[in-house]
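Residues in the sequence shown are numbered consecutively from 176, following my numbering.
The beta-carbon is built from N, C-alpha and C at its ideal position, and this holds for glycine as well.
So the structure is just underneath, and the comments pick up after that.
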Amino acid sequence: MKRHSNSWVNSSSKSHISEPAKRTAAGMKRKKELGLRVEGCTDQNGGEGYLISKGGRRAFLRPGDLLGDSSVVWKKLYDQGVKLHSRRSKNELLEKAEAASFERQVVVIDETGWFGDVYKWPGRQFPKSMNGLTVLDTVDQDASRWLQKGCAAKSKAGIERFAGGQIVLTLLVAIAFVPYILRLVPEVDDNLGIELFSDTSAGKSTALRLVASIISDPEVTVRHWDTTVSGIETVLPYYVDGLLPLDEANLFLDGSKEKDALFVHTGFKLTAGTTKVRYGQEAHARQRLVFLTTTNRAIAEVAKAVPRNIADAVRVRILTVPADRGKGLGIFDCLPKGCKDSAAAIAQMAKLAAEHHGWLAREFIEKLEYYLSDETRRNRLLRRIRRYMKSYRRWVGARSDGPSRRKTDKLALGYAAGELANKFGIIELDFKDAFIEAYRLCVEGDTGPSGIAVSEPLDPVEAYMHRHRDALRKKKTGRYLNDRDFNEAAGFVIKRAGETWLAVRPDKWREHFGGQNHSTLKALQADGRLWGVDGLQRQMKLRESRAKDRVYCVKILAPLE
């Protein structure tokens, strides 16, 4: 039966639809099909999504996006250039998404940072294809997020003038280059956080802007703590593999224990890297970045609002650098040339950052891209970075305990970044003295809120690995143990997505840790090091005779080469 003019006619009878009407109907159908296209895709990380095309414009959505507030979905599409206004077109999108299959392989650029050996910053156009795959670039193309202004030579000379001979400013300049090499040293598995602390006005906010000028306009780059935690999370995609400057932590802290605890937990999120969970898959990707904040209350004071194990762990990750050098000049050790006092120096620093910015980070990234584009040059670059780090650890006589070693490795990475900037001709500063002094301030002189040396949740796990080192087994992808090897093993070392994990059977764990087994697991969970989906445990295929076994899975540190 076919319907025509509100009446039903027998399908075997002659059609009453005129030829022009048929052509019009067919044209409308073709227009509808060409007007909105929805295609399922799989990205370079195995995540699923939808390529949406309309009117020559393309957009990309994740399946999880369609489960939330519809107004957010339409805005995401609008921001990418695909404008759906009618209810009909929106319903059509949902229907086509439901019917889509995820077969096409694409490359999705949905945040700033490194994609292969090329760095994405806002406004930088990526090629339309990479390695034969279509590139979907959904990052905000507003180039104002990475503005260049003034003169590169004047920016370089001005920063050298103000930072030369100054311990804190030299340290911060080197830290500004760290995020671009952070992924090249995966053994340093935490993000780096630096808090510039002073209970008085010492010029720390202006110092933050001088450092931010290495990347872009400080007025655009610097964020404020006068926001919500979710507000900070929403801007993180623009700071992946980059520097996130956060000014005035005192605007967030109001003296209450609730805000203090929230601040500490936010620090955890930033240092661990907000995890991007892909809808419908177990795999995840960490956001690597460096954040720099100014504060009137050091983390040692703020962390009193949280349990001891969390307080100590966050102090390992956020290094406190005193902004006031105690010489009556605020952040300066001596007055920069041509400045009559520290107030004049701070005013001139602010003027320099406002008038000349956005040059040095791009030059540094372009140099890195040159080295990474060739395997021989890449290996030479990696050897150089590790050589710088090794030299630094030797100079400071690095202590071997867990917290000290982790702090030292982060400072060593900062020193390596500074020396690379020197090597590339980006900046010319003496970083050695500044980072040796930073070791004295951040490692040798550091104690926890209780006044004793800082400990970390991972320390007892490392002690377990040392004690049972001969009974640990490396688990290789696709290879499984027999029952005897499984029962004799004290744990299984697994490498996955660039991270190293230790899987331990619950009975072995309880046997070693006794009454502390649960509290140790909870501390690791709070520290972001426990990979569990069923309470504190997870199920994993380890032996041939069983589908899966229950284990505790802890992210551990791979040794530096």
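Please name the residue or residues paired with residue i in a DSSP beta bridge.
i      : result
Phe610 : Per DSSP, none; premise fails for Phe610.
Phe466 : Gly368 and Leu419
Ala351 : In the DSSP output, where bridge partners are listed per residue, Ala351 has none listed.
Val281 : Thr309
Lys324 : His532
Leu236 : Tyr225
Ile731 : Thr675
Arg398 : Leu421
Gly448 : In the DSSP output, where bridge partners are listed per residue, Gly448 has none listed.
Arg648 : Phe667
Ser304 : Thr309
Assuming the contact rule is C-beta atoms closer than 8 Å, residue i and residue j should be a hit. Round their C-beta distance to whole Å, please.
i      : j      : result
Asp429 : Ala480 : At roughly 12 Å, the Cβ-Cβ gap does not stay under 8 Å, so Asp429 and Ala480 are not in contact.
Leu135 : Val281 : In the structure as shown, the chain begins at 176 and stops at 736. Residue 135 is therefore absent and cannot be evaluated.
Ser579 : Val636 : The Cβ separation is near 17 Å, so there is no contact.
Asp584 : Val314 : Not confirmed; about 31 Å, so no contact.
Lys251 : Leu268 : Lys251 to Leu268, Cβ: 12 Å. No contact.
Phe507 : Gln341 : 6 Å
Ser720 : Asp634 : Contact doesn't hold; Cβ gap of about 35 Å is too wide.
Gly533 : Leu322 : 5 Å
Leu347 : Ala382 : 6 Å
Ala234 : Val257 : 4 Å
Tyr567 : Leu556 : Contact flag wrong, Cβ pair sits at about 17 Å.
Pro412 : Glu286 : 4 Å
Asp401 : Leu426 : 4 Å
Val465 : Val439 : Not really, about 19 Å apart at Cβ, beyond 8 Å.
Val726 : Gln712 : 7 Å
Trp357 : Arg463 : Position check: residue 357 holds Leu in this sequence, whereas Trp was assumed. Yes, Leu357 and Arg463 are in contact; Cβ-Cβ is about 5 Å, under 8 Å.
Arg490 : Val395 : Between Val395 and Arg490 the Cβ distance is about 31 Å, and since that is not below 8 Å, they are no contact.
Val386 : Ala424 : That belief does not hold up - the Cβ atoms of Val386 and Ala424 are roughly 16 Å apart, past 8 Å.
Gly215 : Lys229 : With a Cβ gap of about 16 Å, Gly215 and Lys229 do not count as contacting.
Which two residues bound the contiguous beta strand (DSSP E) that contains residue i?
i      : result
Thr309 : Leu308 to Asp312
Tyr294 : Val293 to Lys295
Arg212 : Arg212 to Thr217
Phe290 : Gly288 to Phe290
What residue does the alpha helix (DSSP H) around residue i start on, and which one ends it?
i      : result
Ile227 : Not the alpha helix (DSSP H): Ile227 falls in the beta strand (DSSP E), residues Glu223 to Lys229.
Arg262 : Arg262 to Ala274
Leu633 : Leu633 to Arg642
Ile493 : From DSSP, Ile493 is part of no alpha helix (DSSP H) but of the beta strand (DSSP E) over Ile493 to Pro497.
Gly593 : Gly577 to Lys598
Ser245 : Ser245 to Asp254
Ile474 : Ile474 to Val477
Using 7 Å as the limit for Cβ to Cβ distance, is residue i near chain D?
i      : result
Arg552 : As a matter of chain content, chain D is missing from the structure shown, which is built from one protein chain.
Report task. Within the stretch 355-381, note down every full beta strand (DSSP E) run reaching 3 residues or more, in order along the chain. Result -> Uninterrupted beta strand (DSSP E) stretches at least 3 residues long and entirely within the stretch 355-381 occur at 367-372, given in chain order.
Query raised in the report: Within the chosen definition, does the stretch 632-648 reach the stretch 667-676 through at least 3 CB pairs nearer than 8 Å?
Result: With a cut-off of 8 Å, the stretch 667-676 and the stretch 632-648 count as touching, because enough Cβ pairs lie within range.
Query raised in the report: What runs of the alpha helix (DSSP H), each 4 residues or longer, lie entirely inside the stretch 502-575?
Result: Complete alpha helix (DSSP H) runs here, min 4: 517-530, 535-547 and 550-571.
**Report entry** Meets three-Cβ-pair contact criterion under 8 Å: the stretch 589-599 and the stretch 534-544
**Finding:** Counting Cβ pairs under 8 Å, three or more are found: they touch.
Query - 3 or more residues per run - each beta strand (DSSP E) lying fully within the stretch 651-727 - result: The stretch 651-727 contains these whole beta strand (DSSP E) runs: 666-671, 674-679 and 713-715.
Query raised in the report: Taking three-plus beta-carbon pairs below 8 Å as touching, is the stretch 437-448 in contact with the stretch 353-372?
Result: By the Cβ criterion, the stretch 437-448 is in contact with the stretch 353-372, since at least three pairs of Cβ atoms, one from each stretch, lie closer than 8 Å.
Query raised in the report: Would the stretch 299-307 and the stretch 465-472 be scored as touching if the rule is three or more Cβ pairs under 8 Å?
Result: Too few Cβ pairs lie closer than 8 Å, so no.
Query raised in the report: With a cut-off of 8 Å, do at least 3 Cβ pairs link the stretch 582-598 to the stretch 606-613?
Result: Output reads yes: the stretch 606-613 touches the stretch 582-598.
**Report entry** Touch test, the stretch 289-298 against the stretch 495-507, Cβ-Cβ under 8 Å, three pairs minimum
**Finding:** Here the stretch 289-298 makes no contact with the stretch 495-507; the two share fewer than three CB pairs at distances below 8 Å.
Query - Touch test, the stretch 699-719 against the stretch 683-690, Cβ-Cβ under 8 Å, three pairs minimum - result: With the rule of 3 Cβ pairs closer than 8 Å, the stretch 699-719 does not count as touching the stretch 683-690.
Query raised in the report: Touch check for the stretch 355-362 and the stretch 506-522: three-plus C-beta pairs under 8 Å?
Result: No, the stretch 355-362 is not in contact with the stretch 506-522.
Report task. Give a yes or no on contact between the stretch 419-433 and the stretch 329-341, applying the rule of three or more CB pairs nearer than 8 Å. Result -> Contact annotation: the stretch 419-433 does not touch the stretch 329-341, with fewer than three C-beta pairs closer than 8 Å.
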